[in-house]
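Same order as they appear, the protein sequences are chains R and V.
Heads up: the first sequence at position 36 corresponds to 36 in UniProt numbering, and the numbers run straight through without jumps.
Heads up: the second sequence at position 74 corresponds to 74 in UniProt numbering, and the numbers run straight through without jumps.
We put the CB at the ideal spot given by N, CA and C, even for glycine.
Below: the structure, in structure tokens.
There are 2 protein chains.
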Amino acid sequence: MYELRTPVKVSEAVNRVMNHKKKGEKEFIELMEAGDRYLAEDIVADHPIPPFDRSPLDGFAVRSEDTENADSTHPVQLEVVETVGAGHVAKGPVKPGQAIRVMTGTVMPDNTDAIIMFELAKEFTQEDKTYIEIKRPFKAGDYVSKKGEETKQGEVVVRSGTKITAGVIAVLATFGYHRVPVAKKPVIGIYATGTELLEIDDNLQPGKIRNSNAYMIISQIRQAGGEPKYYGKLKDDFNLCYNAVTQALNEVDALITTGGVSVGDFDFLPEIYNRLGAEVLFNKIAMRPGSVTTVADKDGKLLFGLSGNPSACFVGFELYARPWIRSYLHSGKPYVETVKGKLTADFPKPNPFTRFIRSKVEFKEGKVFASPVGMDKSQVVTSLAYTDALVAVPGGSRGYKSGDEVDILLLTSEGSENPLKDPAKSRDEKL
Amino acid sequence: MYELRTPVKVSEAVNRVMNHKKKGEKEFIELMEAGDRYLAEDIVADHPIPPFDRSPLDGFAVRSEDTENADSTHPVQLEVVETVGAGHVAKGPVKPGQAIRVMTGTVMPDNTDAIIMFELAKEFTQEDKTYIEIKRPFKAGDYVSKKGEETKQGEVVVRSGTKITAGVIAVLATFGYHRVPVAKKPVIGIYATGTELLEIDDNLQPGKIRNSNAYMIISQIRQAGGEPKYYGKLKDDFNLCYNAVTQALNEVDALITTGGVSVGDFDFLPEIYNRLGAEVLFNKIAMRPGSVTTVADKDGKLLFGLSGNPSACFVGFELYARPWIRSYLHSGKPYVETVKGKLTADFPKPNPFTRFIRSKVEFKEGKVFASPVGMDKSQVVTSLAYTDALVAVPGGSRGYKSGDEVDILLLTSEGSENPLKDPAKSRDEKL
Chain R
1 MYELRTPVKV SEAVNRVMNH KKKGEKEFIE LMEAGDRYLA EDIVADHPIP
51 PFDRSPLDGF AVRSEDTENA DSTHPVQLEV VETVGAGHVA KGPVKPGQAI
101 RVMTGTVMPD NTDAIIMFEL AKEFTQEDKT YIEIKRPFKA GDYVSKKGEE
151 TKQGEVVVRS GTKITAGVIA VLATFGYHRV PVAKKPVIGI YATGTELLEI
201 DDNLQPGKIR NSNAYMIISQ IRQAGGEPKY YGKLKDDFNL CYNAVTQALN
251 EVDALITTGG VSVGDFDFLP EIYNRLGAEV LFNKIAMRPG SVTTVADKDG
301 KLLFGLSGNP SACFVGFELY ARPWIRSYLH SGKPYVETVK GKLTADFPKP
351 NPFTRFIRSK VEFKEGKVFA SPVGMDKSQV VTSLAYTDAL VAVPGGSRGY
401 KSGDEVDILL LTSEGSENPL KDPAKSRDEK L
Chain V
1 MYELRTPVKV SEAVNRVMNH KKKGEKEFIE LMEAGDRYLA EDIVADHPIP
51 PFDRSPLDGF AVRSEDTENA DSTHPVQLEV VETVGAGHVA KGPVKPGQAI
101 RVMTGTVMPD NTDAIIMFEL AKEFTQEDKT YIEIKRPFKA GDYVSKKGEE
151 TKQGEVVVRS GTKITAGVIA VLATFGYHRV PVAKKPVIGI YATGTELLEI
201 DDNLQPGKIR NSNAYMIISQ IRQAGGEPKY YGKLKDDFNL CYNAVTQALN
251 EVDALITTGG VSVGDFDFLP EIYNRLGAEV LFNKIAMRPG SVTTVADKDG
301 KLLFGLSGNP SACFVGFELY ARPWIRSYLH SGKPYVETVK GKLTADFPKP
351 NPFTRFIRSK VEFKEGKVFA SPVGMDKSQV VTSLAYTDAL VAVPGGSRGY
401 KSGDEVDILL LTSEGSENPL KDPAKSRDEK L
């Protein structure tokens, strides 16, 4: 009756999922809507930056040779023949003894090769003409932003797979990408299973709880960059569940179910994978919470069978579904980023399996710390509200003390190109 | 002609903006749409968690006293009288010598006080009845999740002002918040000024550049949690700009302009603030880039006059507009979070003013590092694509070396309750 499953290591489970990764197609969207999407092409400079020699400040464009002999006792006077704002071009070339008043961003007038900022030029008027007086020499190129000094034409300025932040949008706008090549979002279906689940606006009933996992997962999918498609909740009925899953698979790129993957009498997902003829990548992971997390592949579509326990469900998504979604989006950093840091509190619990402790990351005096948030049982939900990191402690340890170095998975970091590793052997075993 | 302005310190400028902060009204939205919004009320547990004594695993609910004398030589046998799935309630109370098979999450049947996991009970059938054999005693409470052990009814589980992450959504769903009290988003208008600006789908023309700031700011506003309202770009024409700003102020909670705040002949914003009778909070900050950043208040609406230089514009938004937006959203952590860390490269440039170097933050061996990204001139745009932090180096320094400790502003961190401080005096001055 009790089914024995062989647990795989966390890193092995992630690798098996990533062996089934897929790259989403490219689509073009408006720049205004491109925030938080992922680039599906390298972005190439269609022109140099600056596009022309220009003044980086408000000042006077001059011929440097005219200022050669200027000093405080023999100031040089130049006639200001024109004022040019950014976006305009000076009418004529500058002749010896002349200067042009230019604003920030103005293209350098012909024959000029230096900019003198307002503060260094004394302006005065004589017989209806305007002059500046200069008390020091300027060299050719002084204060001029040279064409192409920042970026050459044809240079790759942002790589494919980059998340589109505000800074990336500035670059896209600069190079005229009014329509942006991005990776299509994977459509991820969600079914919450379990007769115990109430709708969120239902009153509580004996033995039942409200369905929190589905809404949490919808939010996690969006955060990861996917497009959630919520199908609702399913009672513990095999045929109902089987038909629902089969149907949904036609409409999604991957399907997440919550609950029903353990060894209980009404945990139908294993039998559903079997009936579907899906390839089960693993059905037990050497981790807590979420050891029953199961992933299967049906004709190139992944079925993520997450635990019904809220925290196990949360962790299972971040470790296994998120990297898959990020690869679909062409991200070069699909994996959760792991950093070293110190625990700020004891974690006395011994761990037969690798344990992911819901934590909050902090930085103090240049160092990284993680503080466990609240209780650490897999069914605990409230601590999730404060979780932005997972502390990974290896299996086989006899607990950890405040100040011990641990692996910290940063959930709000953009990610890492390095595949997730299992945490190093425990201190106990090393001693 | 050249207007002398008195620069204020960065922290003073932030304080002046925050003295004009406002709290947005509360509104209710669907849970499904609540991601990334900010709570406008404390969230209170309307029931304990767990809501009832329950089994945290698949196993057998028993009366612990029945197992008192069990050991490997004298196993105890109990009759399994019922199987109950999660969401169902056992039919009758358990009598001496009986057990009930229960699934994860099932409410504890009457008279039972311990759970024996499948692995520790040998199940067998005799004369059409099912029994389990147990070879060790169990204590009252063994493996039972007690009602309220995680959260008591009436407890505040998430504070007002918290950003709604996936974890917060799980909590909201658990406590039946199908409509969520959130802070209204502030509507932030945007005008890009400057005759030099082309539309993003225009071909380049002599002396002109494409309008990248507006799109960048739209994205920054969204990231900060505000609702952008883009009005377009304005030529350098005083009356046009004055009327546009006056008009827009009627429709927004704050207005951001880019460009036109310096001392150039076509920098009309200072005169517009004057004509409007707006209170100018400051018009020069002891910082680079973005020293000309100006903020004014017109009848409780803030006018953020950001620089037209892309990087100065970016920095000005993060330092001054973002904390204002976050307070409007009731956030308890409106300020940009600053942490200590080490520079990974020399930054030889001397700084008359505090300088914010566009950087990328990294974590290595438990420590925080920041690497400057590309060139650091205020008009540089491409480096913004890789910026997720700003290194703040104090004014008066003679440059910094790789390995020096610096202040790092984490742009992707949720924020801090601590007001932004100016970076400490430079090493040079300390020596």
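So, for residue 432(V): in the same chain, excluding its five sequence neighbours on each side, which residues have a beta-carbon less than 6 Å away from its beta-carbon? Summary: the structure shown does not reach residue 432(V), with chain V confined to residues 1 through 431, and so no result is reported for it.
Quick check: is the beta carbon of LYS367(V) nearer than 8 Å to any beta carbon in chain R? By one-based count along the second sequence, residue 367(V) stands at place 367. So, interface residue.
Can you give me the C-alpha to C-alpha distance between LYS430(V) and LYS401(V), rounded to a whole angstrom? As a first step, residue 430(V) is located in the second sequence; it is residue number 430 there, counting from the start. As a first step, residue 401(V) is located in the second sequence; it is residue number 401 there, counting from the start. Residue confidence is low: LYS430(V) scores 43 on pLDDT, short of 50, so the model does not pin down where it sits. Its coordinate-derived value is still stated next. Cα to Cα, LYS430(V) sits roughly 16 Å from LYS401(V).
Using only alpha-carbon positions, find the residue among ASN69(V), GLU119(V), THR130(V), VAL89(V) that is nearest to ALA99(V). As a working note, residue 99(V) is residue 99 in the second sequence. Closest option to ALA99(V), Cα to Cα, is THR130(V).
Is GLU82(V) close to chain C, meaning its C-beta is less than 8 Å from at least one C-beta of that chain? Among the protein chains of the structure shown, namely R and V, there is no chain C.
Anything in the stretch 82-102 of chain R with a Cβ closer than 8 Å to a Cβ of chain V? List those residues in chain order, please. Those would be THR83, GLY85, ALA86, GLY87, HIS88, VAL89, ARG101, in chain order.
My assumption, with CB atoms under 8 Å, is that ILE285(V) sits in contact with ALA34(V). Please give the rounded CB distance. Translated into positions along the second sequence, residue 285(V) becomes position 285. Translated into positions along the second sequence, residue 34(V) becomes position 34. Between ALA34(V) and ILE285(V) the Cβ distance is about 36 Å, and since that is not below 8 Å, they are no contact.
In terms of alpha-carbon separation, which member of THR104(R), ILE132(R), HIS88(R) lies closest to GLY97(R)? On the first sequence, position 97 is the one that residue 97(R) refers to. For GLY97(R), the closest C-alpha among the options THR104(R), ILE132(R), HIS88(R) is that of ILE132(R).
With the cut-off set at 8 Å, would you say PRO342(V) and GLY290(V) are in Cβ contact? For the purposes of this step, residue 342(V) is identified with residue 342 of the second sequence, where counting begins at 1. For the purposes of this step, residue 290(V) is identified with residue 290 of the second sequence, where counting begins at 1. In the sequence under discussion, the amino acid at residue 342(V) is Lys, which differs from the Pro named in the question. GLY290(V) is positioned such that its CB atom lies no closer than 8 Å to that of LYS342(V).
So which residues on chain V does TYR335(R) lean against when the C-beta distance must stay under 7 Å? Stepping through the first sequence from its first residue, residue 335(R) is reached at position 335. Result: empty, since nearest Cβ-Cβ is about 15 Å, beyond 7 Å.
Whole beta strand (DSSP E) runs in the stretch 194-262 of chain R with 3 or more residues, listed along the chain? Listed in chain order, the beta strand (DSSP E) runs fully inside the stretch 194-262 of chain R are 227-234, 254-258, counting runs of at least 3 residues.
Taking the alpha carbon of PRO419(V) as the reference point, which residue from ARG398(V), ARG322(V), ALA345(V), PRO350(V) has its own alpha carbon closest? Here the question's residue 419(V) lines up with position 419 in the second sequence. Comparing Cα positions, the closest option is ARG322(V).
On the three-state DSSP scale, how would you describe GLU82(R)? For the purposes of this step, residue 82(R) is taken as residue 82 along the first sequence, with counting starting at 1. In this structure, GLU82(R) counts as strand in the three-state DSSP scheme.
If the cut-off is 7 Å on Cβ atoms, which residues from the stretch 261-275 of chain R count as contacting chain V, listed in chain order? Along the stretch 261-275 of chain R, going in chain order, the ones with a CB nearer than 7 Å to a CB of chain V are SER262, VAL263, GLY264, ASP265, PHE266.
Boundaries (first-last residue) of the alpha helix (DSSP H) holding PRO270(R): The sequence position of residue 270(R) within the first sequence is 270, counting from 1. In the DSSP assignment, PRO270(R) falls within the unbroken alpha helix (DSSP H) covering 269-276.
Reducing DSSP to helix, strand and coil, say where TYR400(R) ends up. If you number the first sequence from 1, residue 400(R) lands on position 400. Residue state, collapsed to three classes: strand.
Determine, for PHE60(R), whether the minimum Cβ-Cβ distance to residues of chain V falls below 8 Å. Residue 60(R) sits at position 60 when you count from the first residue of the first sequence. So no, PHE60(R) is outside the interface.
Which residues bound the beta strand (DSSP E) around THR354(V)? Your numbering for residue 354(V) matches position 354 in the second sequence. From DSSP, the beta strand (DSSP E) with THR354(V) extends over 354-364.
For ASP187(V), which of helix, strand or coil comes out of DSSP? Locating residue 187(V) in the second sequence gives position 187, counting from the first residue. The question names Asp, but residue 187(V) in the sequence shown is Val. Three-state DSSP puts VAL187(V) in a strand.
Helix, strand or coil at LEU4(R) according to DSSP, with G and I counted as helix: Locating residue 4(R) in the first sequence gives position 4, counting from the first residue. Correct three-state label for LEU4(R): coil.
Tell me whether the beta-carbon of GLU27(R) lies closer than 8 Å to the beta-carbon of LYS152(R). Indexing the first sequence from 1 puts residue 27(R) at position 27. Indexing the first sequence from 1 puts residue 152(R) at position 152. Taking a C-beta distance under 8 Å as the contact criterion, GLU27(R) and LYS152(R) do not qualify as a contact pair.
Give the residues of chain V in contact with ASP66(R), contact being defined as C-beta atoms less than 9 Å apart. The residue labelled residue 66(R) in the question sits at position 66 within the first sequence. For ASP66(R), there are no neighbours in chain V by C-beta distance under 9 Å, as the nearest C-beta there is about 21 Å away.
If we call anything under 8 Å between Cβ atoms a contact, is VAL261(V) one with SER307(V)? Along the second sequence, read from residue 1 onward, the residue named residue 261(V) stands at position 261. Along the second sequence, read from residue 1 onward, the residue named residue 307(V) stands at position 307. Yes.
Within chain V, the residues that GLU33(R) reaches when beta carbons sit closer than 8 Å: Translated into the one-based positions of the first sequence, residue 33(R) becomes position 33. Simply none; closest approach about 10 Å.
Buried or exposed, going by whether 16 or more other CB atoms sit within 10 Å of the CB of GLN205(V)? Here residue 205(V) corresponds to residue number 205 of the second sequence, with the count starting at 1. Classification for GLN205(V): exposed.
Could you name the residues of the stretch 336-352 of chain R whose beta carbon sits closer than 7 Å to any beta carbon of chain V, in the order they occur along the chain? Flagged, chain order: VAL339, LYS340, GLY341, LYS342.
Keeping to the same chain, check which residues put their C-beta closer than 8 Å to that of TYR177(R); ignore five residues upstream and five downstream. Sequence index remark: in the first sequence, residue 177(R) carries index 177 (1-based). Within the same chain, TYR177(R) has close Cβ partners LEU31, ILE43.
What do you reckon, is the C-beta of PHE124(R) under 7 Å from a heavy atom of the ligand ADP? No copy of the ligand ADP appears in this structure; indeed no ligand is present at all.
Does the beta-carbon of ASN250(V) have 16 or more other beta-carbons within 10 angstroms, so that it is buried, or is it exposed? The residue labelled residue 250(V) in the question sits at position 250 within the second sequence. By the neighbour-count rule (16 or more Cβ atoms within 10 Å), ASN250(V) is not buried but exposed.
Note down, one range per segment and in chain order, each beta strand (DSSP E) of at least 3 residues found wholly within the stretch 17-72 of chain V. With a minimum length of 3 residues, the unbroken runs of beta strand (DSSP E) contained wholly in the stretch 17-72 of chain V fall at 26-30, 59-62.
So LYS163(V) contacts chain R; which residues on that side make the cut at Cβ distance below 7 Å? Position 163 of the second sequence, counting from 1, holds the residue named residue 163(V). For a Cβ distance threshold of 7 Å, nothing in chain R lies close to LYS163(V): the least Cβ distance comes to about 10 Å.
Please check if any C-beta of chain R sits within less than 8 Å of the C-beta of LEU431(V). Working through the second sequence from its first residue, we reach residue 431(V) at position 431. At LEU431(V) the pLDDT is 39, less than 50, meaning the model places this residue with poor confidence; the figure from the coordinates comes in the next sentence. Chain R, which has no Cβ nearer than 8 Å to the Cβ of LEU431(V), makes this no.
Name the two residues that bound the continuous beta strand (DSSP E) containing residue 466(R). Lying before the first or after the last residue shown, residue 466(R) is absent from chain R, which here runs from 1 to 431.
Is the shortest distance between the beta-carbon of LYS22(R) and the beta-carbons of chain V less than 8 Å? The residue you call residue 22(R) lines up with position 22 of the first sequence. No, its Cβ sits nowhere closer than 8 Å to a Cβ of chain V.
In chain V, which residues lie with their C-beta within 8 Å of the C-beta of VAL157(R)? Along the first sequence, one-based indexing puts residue 157(R) at 157. Those within 8 Å of VAL157(R) in chain V are THR382, ALA385.
State the DSSP-derived secondary structure class of LYS430(V), mapped to helix, strand or coil. On the second sequence, position 430 is the one that residue 430(V) refers to. For LYS430(V), the pLDDT reaches just 43, beneath the cut-off of 50, and the residue's location in the model is therefore unreliable, although a value from the coordinates is still provided. In this structure, LYS430(V) counts as helix in the three-state DSSP scheme.
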